[in-house]
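Structure first, commentary second.
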Amino acid sequence: MSQQELPPGFPVDRPMDVLDAACPSRDVFIDLADKWALLMLLSLRLHGTQRFSELQRSVGGISRRMLSQTLRTLERDGLLRRTVDPDQSPPLVLYGLTELGSEIAEETHVMCTWTHERAAKIFWARIAYDERASSARGSEQQP
Numbered sequence: 513m514s515q516q517e518l519p520p521g522f523p524v525d526r527p528m529d530v531l532d533a534a535c536p537s538r539d540v541f542i543d544l545a546d547k548w549a550l551l552m553l554l555s556l557r558l559h560g561t562q563r564f565s566e567l568q569r570s571v572g573g574i575s576r577r578m579l580s581q582t583l584r585t586l587e588r589d590g591l592l593r594r595t596v597d598p599d600q601s602p603p604l605v606l607y608g609l610t611e612l613g614s615e616i617a618e619e620t621h622v623m624c625t626w627t628h629e630r631a632a633k634i635f636w637a638r639i640a641y642d643e644r645a646s647s648a649r650g651s652e653q654q655p
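Count along the sequence shown from 1, add 512, and you get the number used in our numbering.
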């Protein structure tokens, strides 16, 4: 991206580094790393454009408030598009991925596939950890 294409105030004097608290890429990364954002992007990738209530049903466990907040964040970041058809009563509001949103949703799908394939191993690791932690606590309490 050329300097002319960068937003005002965007740093050009240093490389992007999500580990640097002052880096703008970190702010974007934190928005994307939110569990609801990832699930919403995945749902929109799998099911296409959806209404608010459809998204809430497809992303199990999300509250209306959190859904609304996450949708605003994703829209602000240019990852989803909110369209309103005022000719319908009540107005029809739809949410769909932008080109940028489709790109990250594809990467989210890859992470989801990785998770599906390794969930059992991760659960076994959790069981082993919990057993070690439990024994360590037990041995600390013995005189």
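Glycine included, C-beta positions come from ideal geometry on N, C-alpha and C.
Given 8 Å, three or more beta-carbon pairs between the stretch 517–530 and the stretch 564–584: Because the criterion of three Cβ pairs below 8 Å is not met, the stretch 517–530 and the stretch 564–584 do not touch.
Backbone CA spacing between alanine 637 and glycine 613 [nearest angstrom]: As a first step, residue 637 must be located in the sequence shown, where it is residue number 125. As a first step, residue 613 must be located in the sequence shown, where it is residue number 101. Their Cα atoms are separated by approximately 33 Å.
Contact the stretch 553–560 vs the stretch 618–635: 3+ CB pairs below 8 Å: Output reads yes: the stretch 618–635 touches the stretch 553–560.
Sufficient close CB pairs (3 or more, under 8 Å) joining the stretch 600–610 to the stretch 569–576: In short, these stretches do not touch, since the Cβ pair count stays below three.
Three-state class that DSSP yields for valine 605 in the structure shown: By one-based count along the sequence shown, residue 605 stands at place 93. Secondary structure of valine 605 (DSSP, three-state): strand.
Alpha-carbon spacing of proline 536 relative to aspartate 599, whole angstroms: Within the sequence shown, residue 536 is the residue found at index 24, counting from 1. Within the sequence shown, residue 599 is the residue found at index 87, counting from 1. Note on geometry: alpha-carbon atoms of proline 536 and aspartate 599 lie some 39 Å from one another.
Closer than 7 Å: serine 646 CB and nearest the ligand GDP heavy atom: This structure does not include the ligand GDP; it has no bound ligands of any sort.
Unbroken alpha helix (DSSP H) run spanning leucine 531, endpoints: Taking the sequence shown and counting its residues from 1, the one referred to as residue 531 is at position 19. Run containing leucine 531: none; DSSP gives neither H nor E here.
Buried or exposed (CB count within 10 angstroms, at least 16 for buried), leucine 518: As a working note, residue 518 is residue 6 in the sequence shown. Exposed, since its Cβ has fewer than 16 Cβ neighbours within 10 Å.
Separation of proline 603 from aspartate 532, as counted between CA atoms: Taking the sequence shown and counting its residues from 1, one reaches residue 532 at position 20. Taking the sequence shown and counting its residues from 1, one reaches residue 603 at position 91. The alpha-carbon atoms of aspartate 532 and proline 603 are separated by roughly 43 Å.
Same chain only: Cβ atoms within 8 Å of glutamine 562, ignoring 5 sequence neighbours per side: The sequence position of residue 562 within the sequence shown is 50, counting from 1. In chain order, Ser555, Leu556, Ser570, Leu606, Tyr607 and Gly608 place their CB closer than 8 Å to the CB of glutamine 562, counting only its own chain and leaving out the 5 sequence neighbours on each side.
Nearest-angstrom Cα separation, counted from aspartate 597 out to aspartate 589: Along the sequence shown, one-based indexing puts residue 589 at 77. Along the sequence shown, one-based indexing puts residue 597 at 85. Using only the alpha carbons, I get a separation of about 22 Å.
Continuous beta strand (DSSP E) stretch holding arginine 593: start and end: The residue labelled residue 593 in the question sits at position 81 within the sequence shown. That run of the beta strand (DSSP E) goes 592–597.
Alanine 549 burial status per 10 Å Cβ neighbour count (16 or more: buried): Within the sequence shown, residue 549 is the residue found at index 37, counting from 1. The residue is buried, with at least 16 neighbouring Cβ atoms inside 10 Å.
Neighbour-count burial assignment, alanine 617, 16 or more Cβ in a 10 Å radius: In the sequence shown, the residue the question calls residue 617 occupies position 105. Its Cβ being crowded by 16 or more others within 10 Å, alanine 617 is buried.
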